[in-house]
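**Q** The structure is given below, and queries will be raised subsequently.
Number of protein chains: 2
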Amino acid sequence: MLGLGVVGSAVAQAIQRRSCDSPHGSSPPLDLRGVLVRDTSRQRSVEVPAGVISTDPASILENDRISIIVEVMGGETPAFEYISAALRAGKHVVTANKEVLCKRGDELISLAAENNVRLYYEASVGGGIPILGTLSDDLLANKILSLRAIINGTTNYILTRMAREGTSFEDALSEAQALGYAEADPTSDLDGFDALYKISILTRLAFHSSAPVDAIYREGIRNIHAKDFRYAQELGYTIKLLAVAQRADGGLLLRVHPALVPLDVPMAGVNGALNVVEVEGDLVGPLWLQGRGAGAEPTASAVMGDLLRIARELHGSGAPVRYDGPGLHLLPMDEHECMYYLRVTAVDRAGVLAKIASVLGEAGISIRSVLQMDTDDERGVADLVIMTHSAREVNMQSAADRLRNLDVVAALDNLVRVETYSDVD
Amino acid sequence: MLGLGVVGSAVAQAIQRRSCDSPHGSSPPLDLRGVLVRDTSRQRSVEVPAGVISTDPASILENDRISIIVEVMGGETPAFEYISAALRAGKHVVTANKEVLCKRGDELISLAAENNVRLYYEASVGGGIPILGTLSDDLLANKILSLRAIINGTTNYILTRMAREGTSFEDALSEAQALGYAEADPTSDLDGFDALYKISILTRLAFHSSAPVDAIYREGIRNIHAKDFRYAQELGYTIKLLAVAQRADGGLLLRVHPALVPLDVPMAGVNGALNVVEVEGDLVGPLWLQGRGAGAEPTASAVMGDLLRIARELHGSGAPVRYDGPGLHLLPMDEHECMYYLRVTAVDRAGVLAKIASVLGEAGISIRSVLQMDTDDERGVADLVIMTHSAREVNMQSAADRLRNLDVVAALDNLVRVETYSDVD
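Each protein sequence line maps, in turn, to chains S and W. Residues 0 to 424, numbered by numbering that gives the first Met the number 0, are exactly what the first sequence covers, in order. Residues 0 to 424, numbered by numbering that gives the first Met the number 0, are exactly what the second sequence covers, in order.
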């Protein structure tokens, strides 16, 4: 491994966890045999065996016992030189480095092919979102019509704060820096370079086209003011930094810039540090991949995916890890727990709710709200809609049986579970 | 290929298109050597060479010149027997068949491993959404915490119609049948079997756990009434048919049932025939894959992805198709066309708008709306917010230059492009 920063540490941790706690016999072993750092004395969040850490690139790049290099240093130089040396030495390379893949990717990809080794870089775009594999494998039979993405978490966090709270650009940036969403020097994010590197990488895979930095229109978010959000909202829009590659007459147009996005399209709802890539293919139609686009663990997830793909090939099995055992214990529905929506046709007279509440209460289920809805005066009945607090399925089913037999209940028309969602972004 | 219905025809078409129109030299050739049908005389939407079509399974399954079988017949029998025979004969298999993969998947996966051949079935879940590859490759280092999905297009279409237009279940079903979204016998969709097959397949890959049909709670949508949507809406919810696999104390709980979904979570906005799978992994966090979950072409997209993956391996290169040429012509930003948002600090007096409109008009740009926003009485200026109709970038930039020099314009504060979205669902 080259680099042991936040991403590198998360990858090292995932490798170690895997070797102690491998759930399936058929998964290939991974062994961390060398880590290049600048300073061996620095305190790390992950424990790496002492003999493994080194400041000498040759000790890793020329080590015959190492067959896969993971590059998580970032930047064009010296990453380009290290990756090239590794590929020439017949080592497979996994990298999270968008800048080097954008600027020098054509060369590196050719070099990997010449040396018959793999160069995988899923982590370079969209963190743990599997967009590169999707473009290069799953959608291979499609003619890609367009890619449209929110692909830089820092700017999306800042723009979301500005949109929601009317924060100024400067305050939103300071907050992002305090939370670790923005770097001390935020130029690459704010001025759209990061998004540009990523759309260039996506373009190479989606359109089999080289997209050099200076062929892509780029505009950052520094000129967006709090009042632009207020005015845009008035017109039915919000503002997002988009990275777009679209087929047009005669070719392909590539652009990174802030854009007004209609409030009623899904992209307007991709907030905070989330990323999304929308691909339109002629067969698949519109495909939407969304997730955490940055951060140590999502990026480590993608690095590990690439690593295990190569490891599997080295072990002679390109096939996915096979199913080998019954696995987890399957729980009965009785153990499910949620809120419930009950629709009851009840006799329309006083005391009905007390009887229903008492049946529910005896089963340990408390009521969250009751609505009396449509009434049928002829039959003397009314729809009662009851929302319960969270309850266990087994209790709800026994209460439901008793409700059905209650004299004041003409029918328990429906019992629908309420799905619980935790807050995202 | 076994079967030549709507999916089979779309796959045959994609194979043929590929061989005439292959964009990159390094992509492996595919050759359609046999198609099993029930009736050779039937009229087809795709032209297949006469000698290729047959009603005799042995002519395909025992043909030494065929190395990959694509099964697109559906159903458990005789698909199970055919796939087994193919695997035993050392042929790789690609299938879109969720029922056989749910019910007999454990056996088939073992059989493929024993015979050292591939069994791929990306198309069996979520049409062209690459969810199986994501679970079995990209997220391999993650501990999966939950899967939550809208995974049956027919019921989602029906529920969306009921939610939006207050349509009755029966009418929405008839409509879905008329549009080809629901089959003549809609039992498998309406009663949740289709979603159950799919969550079972996902569970095997995500949790390395076998999930037999009778271990999964299943409830369909027949009991959902138009008034349930009305009442749910009153409470802040809509209703979706969900398929869920969630870790809980002591194991895994699997369930397919209609559920109240809060209107403010993204899943409430997945409408029409769209599918979505939300995966929560310990490293990647929440990951969201959305697209067309059914239909001939999205399904063919997934079948072709699997086919090409195998074909690549057979040709000795597991690597993604390499970049080999400059590709498409890259267009300059000048050729971009969109609506524009202009924020102008203008002198607050009569005739200003006429001057601005005339500059825009001379560049061929017409105004869609103008808002006069904040005014600064001290400086005698006001914010004008102008939305234009669609215009070319080159025209807008030249107009912007002229606006900046206009005496009534104190500043052209911002010029932001408006992104165009076509209607989905």
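The beta carbon of each residue, even a glycine, is placed where N, CA and C say it ideally should be.
Please classify Gln289/S: is it buried, with 16 or more other beta-carbons within 10 angstroms of its beta-carbon, or exposed?
**A** So Gln289/S counts as buried.
**Q** Please identify the residue among Ala13/S, Ser300/S, Pro56/S whose C-alpha is closest to the C-alpha of Ala85/S.
**A** For the residues Ala13/S, Ser300/S, Pro56/S, the minimum Cα distance to Ala85/S belongs to Pro56/S.
**Q** Work out the CA separation of Leu240/S and Ile215/S for me, nearest whole Å.
**A** Answer to the nearest angstrom: the Cα atoms are 14 Å apart.
**Q** Residues in its own chain within less than 6 Å of Thr298/S by CB, not counting five upstream and five downstream?
**A** Val6, Ala95, Ala122, Gly126.
**Q** State the Cα-Cα distance for the pair Ser365/W and Ser357/W, rounded to the nearest angstrom.
**A** C-alpha separation (whole angstroms): 9 Å.
**Q** Compare the beta carbon distance of Ala362/S and Met303/W with 8 Å and say whether it is the shorter of the two.
**A** Against a cut-off of 8 Å, the Cβ pair of Met303/W and Ala362/S comes out as no contact.
**Q** Which complete alpha helix (DSSP H) runs does the segment 29-116 of chain W hold, if anything under 4 residues is left out?
**A** You should have 56-60, 78-87, 97-113.
**Q** Against Lys90/S, what residues of chain W qualify as contacts under a CB-to-CB distance less than 7 Å, listed in chain order?
**A** Going along chain W, no residue has its Cβ under 7 Å from Lys90/S, so there is no contact; the nearest lies around 15 Å.
**Q** Residues in its own chain within less than 7 Å of Arg401/W by CB, not counting five upstream and five downstream?
**A** Excluding residues within five positions, the ones whose Cβ falls inside 7 Å are Val358.
**Q** Check the Cβ-Cβ distances between Gln15/S and every residue of chain W, and say whether any is below 8 Å.
**A** By this cut-off, Gln15/S is not an interface position.
**Q** Only counting the same chain, and skipping five residues up and downstream in sequence, which positions put a Cβ closer than 7 Å to that of Val423/S?
**A** Confidence at Val423/S is low in this model, with a pLDDT of 47, below 50, so its placement is unreliable and the value that follows should be read with caution. Once the five neighbours on either side are set aside, Val423/S has no close Cβ partner at all.
**Q** Might you give, ordered along the chain, the residues of its own chain that have their beta carbon closer than 8 Å to the beta carbon of Arg103/W, omitting 5 neighbours on each side?
**A** Result list for Arg103/W: Glu75, Phe79, in chain order.
**Q** So which residues of chain S does Arg291/W contact, with C-beta pairs closer than 9 Å?
**A** Ordered by position in chain S, the residues that pass the 9 Å Cβ test against Arg291/W are Val283, Gly284, Pro285, Leu286.
**Q** Bridge partners of Gly290/S, per DSSP?
**A** The partner list for Gly290/S (beta bridge, DSSP) reads Asn274/S.
**Q** Going by the beta-carbon positions, is the gap between Val93/W and Ile67/W smaller than 8 Å?
**A** It is a contact, given that the beta carbons lie within the stated cut-off.
**Q** I need the DSSP call for Arg321/S, collapsed to helix, strand or coil.
**A** Caution applies to Arg321/S, whose pLDDT of 49 falls short of 50 and renders its modelled position unreliable; the model cannot decide the point.
**Q** Chain W beta carbons: is any one of them nearer than 8 Å to that of Leu370/S?
**A** Yes, contact with chain W.
**Q** Buried or exposed: which applies to Pro331/W, given that a residue is buried once 16 or more other Cβ atoms fall within 10 Å of its Cβ?
**A** Classification for Pro331/W: exposed.
**Q** If we ignore side chains and look at the alpha-carbon of each, how far apart do Lys97/S and Val47/W end up?
**A** Using only the alpha carbons, I get a separation of about 44 Å.
**Q** Looking at the secondary structure, which residues open and close the alpha helix (DSSP H) in which Val397/S lies?
**A** It should be noted that the sequence gives Ser, not Val, for residue 397/S. Per DSSP, Ser397/S belongs to the alpha helix (DSSP H) from 392-403.
**Q** Exposed or buried, which one is Val276/S when buried takes at least 16 other CB atoms within 10 Å?
**A** Buried.
**Q** Taking Cβ-Cβ distances shorter than 8 Å, what residues in chain S pair up with Lys226/W?
**A** Correct list: Arg342, Met372, Asp373, Asp382.
**Q** Using a Cβ cut-off of 9 Å, pull out every chain S residue sitting near Ser44/W, in sequence order please.
**A** In chain order: nothing, as chain S lies at least about 15 Å away.
**Q** Count the other C-beta atoms from every protein chain shown that fall within 10 angstroms of the C-beta of Gly2/W, then say buried if there are 16 or more, exposed otherwise.
**A** When all chains shown are included, Gly2/W counts as buried.
**Q** Which bits of chain S does Gly127/W rub up against, with CB to CB less than 9 Å?
**A** Ordered by position in chain S, the residues that pass the 9 Å Cβ test against Gly127/W are Asp137, Leu138, Asn141, Gly280, Leu282, Val283, Gly284, Leu286.
**Q** Buried or exposed, going by whether 16 or more other CB atoms sit within 10 Å of the CB of Met386/W?
**A** Burial call: buried.
**Q** Quick one: which residues of the segment 159-191 of chain W get their C-beta closer than 9 Å to a C-beta of chain S? List them in chain order.
**A** Cβ contacts with chain S come from no residue of the segment 159-191 of chain W.
**Q** Identify the residues that DSSP records as bridge partners of Glu279/W: which are they?
**A** The partner list for Glu279/W (beta bridge, DSSP) reads Ser145/W, Pro285/W.
**Q** Smallest Cα separation from Gly4/S: which of Gly33/S, Arg37/S, Ala111/S, Leu31/S?
**A** For Gly4/S, the nearest C-alpha among the options comes from Arg37/S.
**Q** Tell me which same chain residues have a C-beta within less than 8 Å of the C-beta of Asn274/W, skipping the five on either side of it?
**A** Contacts found: Gly125, Gly126, Ile128, Ala148, Ile149, Ile150, Asn151, Gly152, Asn155, Gln289, Gly290, Arg291, Gly292, Ala293.
**Q** Label Ala396/W either buried or exposed according to how many other C-beta atoms from any shown protein chain fall within 10 Å of its C-beta, with 16 as the threshold for buried.
**A** The question names Ala, but residue 396/W in the sequence shown is Gln. Classification for Gln396/W: exposed.
**Q** Using only CA atoms, which one of Val255/S, Ile157/S, Pro257/S, Ala345/S lies nearest to Ala177/S?
**A** Ranking the options by Cα distance to Ala177/S, first place goes to Ile157/S.
**Q** Can you tell me whether Gly249/S sits near the ligand MN, meaning its C-beta is under 7 Å from at least one heavy atom of the ligand?
**A** What this structure holds is no ligand at all, so the ligand MN is not there to describe.
**Q** Are the CB atoms of Arg367/W and His388/W nearer to each other than 8 Å?
**A** In this structure, His388/W lies closer than 8 Å to Arg367/W by Cβ.
**Q** Pick out whichever of Arg217/S, Ala409/S, Met161/S, Leu35/S has its Cα sitting closest to the Cα of Ser199/S.
**A** Answer by Cα proximity: Arg217/S.
**Q** So that I know if they touch, is there some Cβ in chain S lying closer than 8 Å to that of Leu259/W?
**A** At least one chain S Cβ lies under 8 Å of Leu259/W.
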